[in-house]
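Colleague:
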Amino acid sequence: MISDIPQSTLRLERLFFSSVHSYFCSHAEGKALPRRFLTHYALCYVTEGKGQLTLNGMLLTANKGDFFLLLPGTAVEGKALTSEPVRYMIIFFSCMQLRKDRRHQELHPPPFPVSGKLEASGQPRAAEIMNQMTVHSRTREPEDILRAKYRLQRLLFMLLQPSERTAQDKAVGMDMVLAHMKNNYNQELRVGQLALMAGLSTNHFIRAFKQLTDKTPMTYLLEERIKKAKQLLFSSERVKQIAKEVGYKDEHYFSRVFKKSEGVAPASYLKNSHLRIAVLYYGLDDYLMTLGLTPVAALSYLERVSRNYALPHPGVLQQDIVRLNGSRLNYEELARLKPDLIIGSDRFLPGEMLESIAPTVVLKHTDNVEQQLSRLSRILGREQQADDWMNSYAEQKHLIRLGLEKRDRLPTVSFIRVSSEFYRLYGASNQTGTLLYRDLGLRPSLSFSEQTEAVDFEIDELPRYNPGYIFLAADPTLESRQRLETLLSSQEWSSLDAVKQSRVFDAGDLLFKTLGPTGRMWAMSYVASRIGTLDDRIIHTNTGL
Numbered sequence: 010m011i012s013d014i015p016q017s018t019l020r021l022e023r024l025f026f027s028s029v030h031s032y033f034c035s036h037a038e039g040k041a042l043p044r045r046f047l048t049h050y051a052l053c054y055v056t057e058g059k060g061q062l063t064l065n066g067m068l069l070t071a072n073k074g075d076f077f078l079l080l081p082g083t084a085v086e087g088k089a090l091t092s093e094p095v096r097y098m099i100i101f102f103s104c105m106q107l108r109k110d111r112r113h114q115e116l117h118p119p120p121f122p123v124s125g126k127l128e129a130s131g132q133p134r135a136a137e138i139m140n141q142m143t144v145h146s147r148t149r150e151p152e153d154i155l156r157a158k159y160r161l162q163r164l165l166f167m168l169l170q171p172s173e174r175t176a177q178d179k180a181v182g183m184d185m186v187l188a189h190m191k192n193n194y195n196q197e198l199r200v201g202q203l204a205l206m207a208g209l210s211t212n213h214f215i216r217a218f219k220q221l222t223d224k225t226p227m228t229y230l231l232e233e234r235i236k237k238a239k240q241l242l243f244s245s246e247r248v249k250q251i252a253k254e255v256g257y258k259d260e261h262y263f264s265r266v267f268k269k270s271e272g273v274a275p276a277s278y279l280k281n282s283h284l285r286i287a288v289l290y291y292g293l294d295d296y297l298m299t300l301g302l303t304p305v306a307a308l309s310y311l312e313r314v315s316r317n318y319a320l321p322h323p324g325v326l327q328q329d330i331v332r333l334n335g336s337r338l339n340y341e342e343l344a345r346l347k348p349d350l351i352i353g354s355d356r357f358l359p360g361e362m363l364e365s366i367a368p369t370v371v372l373k374h375t376d377n378v379e380q381q382l383s384r385l386s387r388i389l390g391r392e393q394q395a396d397d398w399m400n401s402y403a404e405q406k407h408l409i410r411l412g413l414e415k416r417d418r419l420p421t422v423s424f425i426r427v428s429s430e431f432y433r434l435y436g437a438s439n440q441t442g443t444l445l446y447r448d449l450g451l452r453p454s455l456s457f458s459e460q461t462e463a464v465d466f467e468i469d470e471l472p473r474y475n476p477g478y479i480f481l482a483a484d485p486t487l488e489s490r491q492r493l494e495t496l497l498s499s500q501e502w503s504s505l506d507a508v509k510q511s512r513v514f515d516a517g518d519l520l521f522k523t524l525g526p527t528g529r530m531w532a533m534s535y536v537a538s539r540i541g542t543l544d545d546r547i548i549h550t551n552t553g554l
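In our numbering, each residue carries its 1-based index in the sequence shown increased by 9.
1. Would you check if the distance between the CB atom of K40 and the CB atom of G60 is smaller than 7 Å?
2. Is F76 near L127, with beta carbons less than 7 Å apart?
3. Give the C-beta separation of S429 and R492 to the nearest angstrom, bearing in mind that I take them to be a contact with Cβ-Cβ under 8 Å.
4. Under the three-state reduction of DSSP, which class applies to E173: helix, strand or coil?
5. Could you tell me the distance, in whole angstroms, from the CA atom of A188 to the CA atom of S35?
6. Could you check how far apart the C-beta atoms of V95 and L169 are, in whole angstroms? I think they sit under 8 Å.
7. Please list the terminal residues of the continuous alpha helix (DSSP H) segment that includes R473.
8. With respect to the beta strand (DSSP E) encompassing T56, which residues constitute its N-terminal and C-terminal limits?
9. Have a look at W502, S277 and T228 and flag the residue whose alpha-carbon is nearest the alpha-carbon of V200.
10. Where does Y432 fall in DSSP's three states?
11. Secondary structure at R313, three-state DSSP: helix, strand or coil?
12. Using 10 angstroms around the beta-carbon of Y97, count the other beta-carbons present and answer buried if the total reaches 16, otherwise exposed.
13. Can you name, in chain order, every residue of its own chain whose Cβ lies under 8 Å from the Cβ of G450, other than the five neighbours on each side?
14. Could you give the residue range of the alpha helix (DSSP H) that holds E86?
15. Looking at L389: is its Cβ nearer than 7 Å to the Cβ of L279?
16. Going by other Cβ atoms of all chains shown within 10 Å of its Cβ, with 16 needed for buried, is S454 buried or exposed?
17. Would H55 pass as a contact of A71 if the rule is Cβ separation under 7 Å?
18. What is the rounded straight-line gap between the Cα of P472 and the Cα of S499?
19. With DSSP collapsed to three states, give me the class of S538.
20. Give a yes or no on whether the C-beta atoms belonging to A306 and V266 are separated by under 7 Å.
21. Assign S354 to one of two classes, buried (16 or more other C-beta atoms within 10 Å of its C-beta) or exposed (fewer than that).
22. Cβ of T299 within 7 Å of Cβ of P526?
23. Within 10 angstroms of its Cβ, does Q177 collect 16 or more other Cβ (buried), or is it exposed?
24. Which residues share a DSSP beta bridge with L32?
25. Identify, in the order they occur along the chain, each residue of the same chain with its Cβ nearer than 8 Å to the Cβ of R160, setting aside the five sequence neighbours on each side.
26. Would you kindly check if the distance between the Cβ of L52 and the Cβ of L68 is under 7 Å?
27. Can you tell me where the beta strand (DSSP E) with F514 in it begins and where it stops?
28. Between the region 241–257 and the region 309–322, do at least 3 Cβ pairs fall closer than 8 Å?
29. In terms of alpha-carbon separation, which member of G292, R316 and E462 lies closest to F521?
30. Taking the alpha carbon of V288 as the point to measure from, which residue in V370, S365 and L505 has its own alpha carbon closest?
31. Would you kindly report the start and end of the unbroken beta strand (DSSP E) that includes V255?
32. Taking 7 Å as the threshold (beta carbon to beta carbon), is S401 in contact with chain C?
33. With H, G and I counted as helix, E and B as strand and the rest as coil, what does DSSP make of P275?
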């Protein structure tokens, strides 16, 4: 009877679907599903194989017969676990829910009662409806589209009804155990307790766990603790505190366990020059190379800038570094390199799948290069290399400022970037602004209230800034080139003092170079030579160019 159906299910009858698209998909062993953020609702049904699925950082099993409901904004990653490919059907859809009372009718996003893995395995009728939808996914006839929306509504109604499983049945499975171990790795966990949580005998649980993860439960727990310890070592915490945070009361026992696993004591781990480090943000490779270390992988500049050239780092061969596409990270290529540690930035949050490749550390971004370099040098045991750079940078900055002091008035300088979507004038709160206005002491053309990270402008607004010098960069796309040509041919551009006096200079990849220390030093010399405060010979002497 309708009165016995929960209100949350009744709401499904008021859904309005604006789009429904169905697909068959397959992923072979070793072929990862890269991290993506869903922009639509998705309903997934696994038809063959066995795999892992990570939803917003939560690891779940994906077995034949499993259904998953995924909401917009969900971060999704996955991979096959066996030699048999994982095959699945997936329906992407957009929908709204009608809410009405006596006076009003409004559309809102539907509050689905559950999401993630659904308790719907073994429902043959649901699988049959799912198959019907994907078989007819290619047709765009109005009648078929209406039929697809009707079937989807029936399917959701069927899958989201309250399960009749018992509490004991709900506890059977590995998902609860994996989630518990991931969230409680620092607690004392016993195999018997984990087996009970999974609803299995101890021997059956150990066999099932090893089939899923290729490890025993205690080996899996140890690896989780070691990975977390490596991340904490990067935070410069004391070994005693790190031991406690990963579940060891005795720091000496923790050190023995760590050394047996990694071949080196915790205090010396990050100072090992043979450590294979991958860096996943622009400029972090520059930091490592300035400290005399060569990362095994770094993000490529090629898809971001039209001109890209290597900075001089003595003893470092650029071809030894694998360059990854920052727009679409290749997890398989990164895993093949077998890094010991991955360093990222809070400006580019990598996917949770990186945790399965290597311990991942996310650095807080700062435009204070000296501060970041000093911190990294202490962690990596490279204080002398950091001191050498800081002394060279201070000397070069002093020479440039001496030249500026001879002028009657400091020049105004602007950094302008042209992309396919905007014209942007950079302020003081970013890497180029720190270089131009803090380190060199130059004057921005922006008003005080506009001296933020960046200001987007239209061409007709440009004359009110009117800088004395312009450093101009364009993104490497056809649309950006067209917008640049529009800018350069405009009357507003021709009216600028910098244009009239031929003081417009190609910035190339200066925006990205200034994210790292050696790039910052090169950029400082380049800017100073263009505004006439530093002889080109000093650039070649101090940077090796």
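The beta carbon of each residue, even a glycine, is placed where N, CA and C say it ideally should be.
Modeller: According to the data block:
1. Walking along the sequence shown from the start, residue 40 turns up at place 31. Walking along the sequence shown from the start, residue 60 turns up at place 51. Their beta carbons are not under 7 Å apart, which means K40 does not touch G60 by this criterion.
2. Indexing the sequence shown from 1 puts residue 76 at position 67. Indexing the sequence shown from 1 puts residue 127 at position 118. The answer is yes: Cβ separation under 7 Å.
3. Numbered from its first residue, the sequence shown carries residue 429 at position 420. Numbered from its first residue, the sequence shown carries residue 492 at position 483. Taking C-beta atoms under 8 Å as the contact rule, S429 and R492 qualify, at a distance of about 7 Å.
4. Here the question's residue 173 lines up with position 164 in the sequence shown. Because the pLDDT at E173 is just 43, under 50, the model does not fix this residue reliably, and the point stays unresolved.
5. For this step, residue 188 is matched to residue 179 along the sequence shown. For this step, residue 35 is matched to residue 26 along the sequence shown. One C-alpha to the other measures close to 26 Å.
6. Taking the sequence shown and counting its residues from 1, one reaches residue 95 at position 86. Taking the sequence shown and counting its residues from 1, one reaches residue 169 at position 160. Their Cβ separation, rounded to whole angstroms, is 24 Å, which puts V95 and L169 out of contact at 8 Å.
7. Translated into positions along the sequence shown, residue 473 becomes position 464. No alpha helix (DSSP H) holds R473; DSSP gives it neither H nor E.
8. Locating residue 56 in the sequence shown gives position 47, where the first residue counts as 1. Its beta strand (DSSP E) spans residues Y50 to E57.
9. To locate residue 200, count along the sequence shown from 1; it is residue 191. Looking at the Cα atoms, T228 is the closest of the given residues.
10. Stepping through the sequence shown from its first residue, residue 432 is reached at position 423. In this structure, Y432 counts as strand in the three-state DSSP scheme.
11. Within the sequence shown, residue 313 is the residue found at index 304, counting from 1. Of the three classes helix, strand and coil, the one that applies to R313 here is coil, per DSSP.
12. As a position in the sequence shown, residue 97 is number 88, starting the count at 1. So Y97 counts as buried.
13. For the purposes of this step, residue 450 is taken as the residue at position 441 of the sequence shown. So the list reads R410, L413 and L419, once near-sequence residues are dropped.
14. Along the sequence shown, read from residue 1 onward, the residue named residue 86 stands at position 77. Unbroken run through E86 is the beta strand (DSSP E), A84 to A89; no alpha helix (DSSP H).
15. For the purposes of this step, residue 389 is taken as residue 380 along the sequence shown, with counting starting at 1. For the purposes of this step, residue 279 is taken as residue 270 along the sequence shown, with counting starting at 1. Yes, they are a contact pair.
16. The residue given as residue 454 occupies position 445 in the sequence shown. With 16 or more Cβ atoms within 10 Å of its Cβ, S454 is classed as buried.
17. Counting from one through the sequence shown, the residue named residue 55 turns up at place 46. Counting from one through the sequence shown, the residue named residue 71 turns up at place 62. Per the sequence shown, residue 55 should be read as Val rather than His. Inclusion of V55 and A71 in the CB contact set at 7 Å is warranted, their separation being smaller than that value.
18. By 1-based counting over the sequence shown, the position of residue 472 is 463. By 1-based counting over the sequence shown, the position of residue 499 is 490. So the two alpha carbons sit approximately 11 Å from each other.
19. As a working note, residue 538 is residue 529 in the sequence shown. S538: helix per DSSP, three-state reduction.
20. Translated into positions along the sequence shown, residue 306 becomes position 297. Translated into positions along the sequence shown, residue 266 becomes position 257. No. Outside cutoff.
21. Translated into positions along the sequence shown, residue 354 becomes position 345. For S354, the number of other beta carbons within 10 angstroms of its own is at least 16, and it is reported as buried.
22. Taking the first residue of the sequence shown as 1, we reach residue 299 at position 290. Taking the first residue of the sequence shown as 1, we reach residue 526 at position 517. Yes; because the gap between Cβ atoms is below 7 Å, this pair is in contact.
23. Here the question's residue 177 lines up with position 168 in the sequence shown. Below a pLDDT of 50, predicted positions are generally treated as unreliable, and Q177, at 37, falls in that range; the measurement from the model is reported next regardless. Burial is judged here by how many other beta carbons sit within 10 angstroms of a residue's own beta carbon; Q177 has fewer than 16 and is exposed.
24. Locating residue 32 in the sequence shown gives position 23, counting from the first residue. Residue 32 is actually Tyr in this sequence, not Leu. Y32 pairs with I99.
25. The sequence position of residue 160 within the sequence shown is 151, counting from 1. Same-chain partners within the cutoff: I138, Q141 and M142.
26. The residue you call residue 68 lines up with position 59 of the sequence shown. The residue you call residue 52 lines up with position 43 of the sequence shown. Inclusion of L68 and L52 in the CB contact set at 7 Å is not warranted, their separation being larger than that value.
27. As a working note, residue 514 is residue 505 in the sequence shown. Per DSSP, F514 belongs to the beta strand (DSSP E) from V513 to D515.
28. Contact between the region 241–257 and the region 309–322 is absent, because fewer than three Cβ pairs lie under 8 Å.
29. Position 512 of the sequence shown, counted from the start, is the residue given in the question as residue 521. Of the listed residues, the one whose Cα sits closest to F521 is G292.
30. Taking the first residue of the sequence shown as position 1, residue 288 is located at position 279. The shortest Cα separation from V288 among V370, S365 and L505 belongs to V370.
31. As a position in the sequence shown, residue 255 is number 246, starting the count at 1. Looking at the DSSP string, V255 is not in any beta strand (DSSP E), and its letter there is neither H nor E.
32. The question asks about chain C, but that chain is absent: this structure has only one protein chain.
33. Along the sequence shown, read from residue 1 onward, the residue named residue 275 stands at position 266. Three-state result, P275: helix.
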